[in-house]
Every structure is written in C-alpha cells, then in structure tokens.
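Residue numbers (the working numbering): 2 to 140.
We put the beta carbon where it would ideally sit given N, CA and C, even for glycine.
Please read the structure below before turning to the comments.
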C-alpha cells in the first residue's frame, strides 16, 4: 500500500474531487516565530498554531477490493498523543484507485519544538507520517 502525506495551512475539497492547498509546507516543516520581548526576557514558543491541515492519500491496495478500518492520531515530540484519536471508520479501497483523507486541526496545540507524527492506522497497522515544528532562525 502506498501512502502520500502533505501538510499545509488549509486544504479545501472541491466538488470535482480535487484539493485546493493553501500554505503548503513542502518539506513538512512548520516554522514558528517567537514574539519579541521588550524586557530582554527570552521569547517563548507560541502555544498554538491557528490551523494545521493534512492530506493523506492511500493507494495501491493489495486486494482487488477491501474494507479497511482507518484511524489517525497526532503524536508530539514527547511521543504522547497531541489531541484525541480520530476514527475515520471503515472505508473501501479498491486496487487501482485511491482514497484521500483531509483533516484540519483548528487550533493545533504546540507541545514543544521537534518532530511530530500523524499516526495513521489502517486495520491496526500504524504508519508514522512525520512533520517538524521548528523555531525561526534568529536574525
């Protein structure tokens, strides 16, 4: 099975089945900018990102037609859940066709800088889809 993963600010599903992607993070890295302080205290990492959207495309199913139970869960850099598990239910994926999931997290809570995962479970088999949240470089 082949899984493609994109992360962006916003993803809109169109009537035609296409997806409009706004603010794509092509290297799956989100840069957060810390608020400058006037009292010389170090800036703090923001606690929230207004919105994070993901697109997961599943294709190349090994069977001609099979019903898969699909779930998803964001995992933070401390390897703890970052929000509730999402149950997408049972979906039929046919050989030669694909299935697309679009998920928007508004707001997305930041639990520290580092590598996050969207753990995609397909019939209990977990696929770890990584993305990073990094601090903006200092000037």
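Closest Cα partner of residue i within the set the options
i	options	result
residue 145	123, 122, 130, 54	Examination of residue 145 is not possible in this model, given that the chain is present from 2 through 140 alone.
residue 73	49, 125, 12	125
residue 104	87, 70, 19	87
residue 31	2, 56, 115, 21	115
residue 121	21, 34, 101, 65	101
residue 130	16, 75, 48	75
Close Cβ partners of residue i (< 6 Å) along its chain, the five nearest in sequence each way excluded
i	result
residue 132	8, 29, 117
residue 99	58, 60
residue 50	109
Residue i - containing beta strand (DSSP E), residue span
i	result
residue 141	Here the chain comprises residues numbered 2 to 140, so residue 141 is not present and cannot be evaluated.
residue 72	66-76
residue 115	115-123
residue 24	20-25
residue 134	126-136
Where residue i sits in the DSSP three-state scheme
i	result
residue 34	coil
residue 84	coil
residue 15	coil
Same chain, Cβ closer than 8 Å to residue i, five either side skipped, listed in chain order
i	result
residue 52	10, 11, 105, 106, 107, 108, 109
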